[in-house]
Each structure stands twice: as structure tokens, then as C-alpha cells.
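What follows is a set of notes on a single structure, which appears directly below.
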Amino acid sequence: MSFQLIMMILTVAMMVLSGLLMKAPKAPPSALGDLQAPTAEEGRNLPVIFGTVLCKAPNVTWYGDYLTTAIKKSMGIMAFGRKATIGWRYFLGMDLHLCHGQVDELVDVRAGNGDDQKHLNWTQTGTNADGSAQVKVDDANCFGGDEKEGGISGTGTFYYGSVDQESDAYMSAKLGIVYPAYRGVSHFVLNRWYLGTSNYIKNISLVLRRCPNNLGLTDGQVNIAGDANPAEVIYECLHVKAWALGIAAPRFDLASFHAAGAQLATEGLGVSFQLDQPHDADAAVTEVLRHIDGVCYTDPASGLWTLQLV
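Sequential numbering of the sequence shown, starting at 190, is according to my numbering.
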């Protein structure tokens, strides 16, 4: 047997032995307490939206139902099929509180922050008896898959914030209580979603549409290409007691608001924005009036709040 052949056999034997003795690297998963998940901020007000708005920082009022699964990769041919754990997939349930309801439409679901934000592949798969929507997200590779930061996938329930929406079954089961229905609040429950391969959980954002109709306008007049009718916005900011100025309904000249709203719809002039603080309602009225070139005043003759376009 030649020297070269002997050396080749020894080299192969050493490679096989090295593969057999190779230890799979260990990559322990992060514990629930290690996750960097956005949470509710104490004292933070629930926003109000008009038109089509990106709710990019919802209040995460609960998260749990934590699960990890290993990401395994072959250690090479000489390891004879053995695999090493190179990372972990993270799964988490959440309840995202969004805004005062009732919103009209869930327009889009996104994940990430800033320039890293992705439009997720999502569908509405059904409607529940209380009108809430069953939502499915299927985008497990949107952040690069297992080799990078994974993606987002899972099912959940979107609540529009109606006055008769019901308690969420998933949340009730996980907490062992009858979970509050949060009527009048739009929120989105994630039923243990896959949220990527990093313990820095991606922020879930939603594009919502809310075009209020309190003045008797038609659907085409309150929704102006996705924007809210400014007359409706001014009326709500002056009238609603829960988050605005709380002026009683009998103190409004509704005919003037209706006429202004119809004219604004004809001109295609709508607005979209978000109110984050109760005292913002007064400033919002001033800004909307400037935008539409209008005035809102108490008529000396009738004593009623009146809206006029200049």
C-alpha cells in the first residue's frame, strides 16, 4: 500500500472521528422575562382616529402564552445527519388596544419600526356573531426567515369597538376569567403568533379607518376617499363627552353642520388624523376650521353652535 493512500485513509478517518466527536453548539432560548415586548404605558390616553390612520404604537395590555421552537441546521456530512440548534422561533399571545371605537374598517396589518416596517400578508377569514373579524397573517419569512429575523404569522380577532362586542374566548381561556369585552374600544387579540427569531419583538401596527356619521349624511359624504368629513369631525370634537368637549346635542344647529358637510363632500375635502389627548380636541377644531376655511360660532339669535364655510 502506497504512502499516499495510507495518508488519505488516515485523513478521512480523522475527519469522520472529528465529526463524531463534534458537539452541537447550544443556543438557549430567551425566557419570557427577557423578551423586549412593547407594553402599555401607565396613564396613556386611548387615541381617537378620524379618516384613515396608521396606529403605529398600540398599547399592549397583555402578553403571554409563550412558546419557543428550535431552529436546527445540519452540522455537515461528517456529522452523519446530526443537527445543531442555531436559534429559536418565538411565539407570543397579545392584546393590542388601539383606539376609541367604533372603527369602520381594518385596512392593513404591518410589523416593524421605521424603514424596517413590512406590509404583512393578511386576510379576513370570517366574521363572528358580535361583528368582530377573524384575521389570519401568513408571512413567516418577511424578515428574512430562519436565517435572519424570521417573520410574522398567526390568527387573531379584530374588535371594531362596537357597543355590543363580546369577551374574547382566547383571552378568557388563557387567564381563566371572563375577559372584559372592552365595549367601545377597538382592540386586536393575537392568538399566540409567531413573532420572529429575535427576543426583540417586532411592533405590530394597524391601519384603521373611521369616518363618523352623526349628521345624517350619506355614506359617500362621510367617507371622502378614505378621509373623514370635516363637519363630522368638528361635531364630534365639540359634542362627545368621553374624550372631547361634551357640549350637549340640543345646543347645535345641526342643519348648518349638515349643509357644510354636504358641501365639503362635493368639494372632496376630507381629513385624516389622530387625537392622543383630550385637550387636543379644541386645537383640532381650530386646525380643521383653518383647513376648510370655515367658522364655528354661537349664533346670537338662536344660541346654537353653527358651522359656516367662508
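Cβ coordinates follow ideal geometry from the N, Cα and C atoms, glycine included.
| Asked | Found |
| --- | --- |
| Cα-Cα separation, A448 to V242 | 26 Å |
| Straight-line Cα distance separating A490 from V292 | 37 Å |
| Contiguous beta strand (DSSP E) assignments of at least 3 residues, all confined to the segment 372-442 | 374-383 and 393-399 |
| According to DSSP, residues forming a beta bridge with T475 | Looking at the DSSP assignment, T475 forms no beta bridge with any residue, so it has no partner. |
| Nearest candidate by alpha-carbon position, reference I275, set K261, M283 and G282 | K261 |
| For H289, the nearest candidate out of T314, L464, E421 and G253 (CA to CA) | L464 |
| A362 - containing alpha helix (DSSP H), residue span | A358 to L364 |
| Contacting residues, own chain, Cβ-Cβ under 8 Å from Y383 (five flanking each side not counted) | R278, Y279, F280, A329, G339, G340, I341, S342 and G343 |
| Which residues DSSP lists as bridging H289, in chain order | V374 |
| Residues near A318 in its chain [Cβ-Cβ closer than 8 Å; skip 5 each side] | E355 |
| Alpha carbon of A451 to alpha carbon of I481, nearest angstrom | 13 Å |
| D416, buried or exposed, once every other Cβ within 10 Å from all chains shown has been counted against 16 | buried |
| Where G240 falls: helix, strand or coil (DSSP) | strand |
| F332, DSSP secondary structure in three states | coil |
| DSSP state of S445 mapped onto helix, strand, coil | helix |
| A470 to A420 span [Cα, whole Å] | 14 Å |
| Closest residue to Y424 among N380, T312 and V474 (Cα-Cα distance) | V474 |
| Simplified DSSP assignment, three categories, for L210 | Unreliable placement is indicated for L210, whose pLDDT of 45 sits below 50; the coordinate value is still reported in the next sentence. Looking at L210 - three-state DSSP - the assignment turns out to be helix. |
| Three or more C-beta pairs below 8 Å linking the segment 422-441 and the segment 384-393 | no |
| V477 burial status per 10 Å Cβ neighbour count (16 or more: buried) | buried |
| Identity of the residue in G301, L397 and S375 nearest F462 by Cα | L397 |
| Which of helix, strand or coil DSSP assigns to L498 | strand |
| Residues of its chain near G334, where Cβ-Cβ distance is below 7 Å and the 5 sequence neighbours each way are ignored | G340 |
| Proximity of W311 and V296 at Cβ, strictly below 8 Å | no |
| Check whether D353 and R381 have beta carbons under 8 Å apart | no |
| Backbone CA spacing between G457 and V411 [nearest angstrom] | 10 Å |
| Element boundaries [beta strand (DSSP E), containing G343] | I341 to Y348 |
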